[in-house]
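What the sequence shown shows, in mature numbering (1 follows the signal peptide of the UniProt record, and there is no 0), is residues -18 to -1, 1 to 132, in sequence order. Think of the CB as a built atom: it goes at the ideal place given N, C-alpha and C, for glycine as much as any other residue. Beneath this line is the structure, given in structure tokens, with notes to follow.
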Amino acid sequence: MAKIVLFLCMLSFGFCAAKIVKFTVCEGKTLKGKLSELEIIPCEAEPCGLKRGTNVTMKAHFTPYEEVKDAKSVVHAKVAGFSVRFPLPNPEACHDSGLTCPLKANGTYVLNAILPVKSEYPKISAPVTWELQDSNKNDIFCFVISIHIE
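Right under this line is the structure:
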């Protein structure tokens, strides 16, 4: 029995591997904060392989330079030269994403977002841009990472 429990624990750890990933700060944007670290769960190697029919968790560690009363995530991928919006089940960052607004200037925060990778998504590799915007659509942070949907 103990071997089965140990096996199941090891198996679940493999499915939940977190990786601190490299990201590129979006070019040509004035940012109202700084992203310090980005985790993708599960991700075993870069570019992160996102399995269709699963959920992926993104944890963004950041510091806003100014007070933020409300924030929203905007995500899009570059596919065949076009920017395609990636719908999120909960784009409102101050609701069920680990943040309680208002966010204080120069405070340290972690945005926890869940992305459903739908079964109908095509198998592709693409750069993904994630923007956390304030209520005036100013970017608090903006980053680009490469992903692979498998």
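Rounded straight-line distance, which links the Cα of Pro104 to that of Ala42:
When rounded, the distance between both Cα atoms is 26 Å.
Taking only runs that begin and end inside the stretch 32 to 71, name each unbroken beta strand (DSSP E) of 3 or more residues, in chain order.
Taken in chain order, the complete beta strand (DSSP E) segments of 3 or more residues contained in the stretch 32 to 71 are 36 to 46, 53 to 61 and 64 to 67.
Cβ atoms of Lys11 and Asp116: under 8 Å apart, would you say?
Taking 8 Å as the Cβ cut-off, Asp116 and Lys11 do not qualify as a contacting pair.
Along the chain, where does the beta strand (DSSP E) containing Ser18 start, and where does it finish?
Note, Ser18: beta strand (DSSP E), Gly15 to Ile23.
Beta-carbon separation (whole angstroms), Lys1 vs Cys25, contact threshold 8 Å
Sure, about 4 Å apart at Cβ, within 8 Å.
Per-residue burial, Glu113 [other beta carbons within 10 Å of its own, 16 or more giving buried]
Answer is buried; the Cβ neighbour count reaches 16.
May I ask which residues mark the beginning and end of the beta strand (DSSP E) holding Val3?
DSSP places Val3 in no beta strand (DSSP E); its state is neither H nor E.
For Leu81, which three-state DSSP category applies?
DSSP, read as helix, strand or coil, puts Leu81 in coil.
In angstroms, rounded to a whole number, what distance separates the CA positions of Gly80 and Arg34?
Distance from the CA of Gly80 to the CA of Arg34, rounded to the nearest whole angstrom, comes to 25 Å.
Local Cβ density within 10 Å of Ala27, reported as buried at 16 or more and exposed below that:
Ala27 counts as exposed, since fewer than 16 other beta carbons sit within 10 angstroms of its beta carbon.
Neighbourhood of Ala87 by C-beta, 8 Å cutoff - its chain only, sequence neighbours within 5 removed
Cβ within range, chain order: Pro46, Tyr47, Glu48 and Glu49.
Just to confirm, is the Cβ distance from Ala108 to Ala59 under 8 Å?
Result yes, Cβ atoms of Ala108 and Ala59 sit closer than 8 Å.
Short of 6 Å in beta carbon distance, which residues of its chain neighbour Arg67, apart from the five on each side in sequence? Order them along the chain.
Result list for Arg67: His58, in chain order.
Glu113, enclosing beta strand (DSSP E) - first and last residue:
It spans Ser107 to Asp116 - the beta strand (DSSP E) in which Glu113 sits, taken as one unbroken run.
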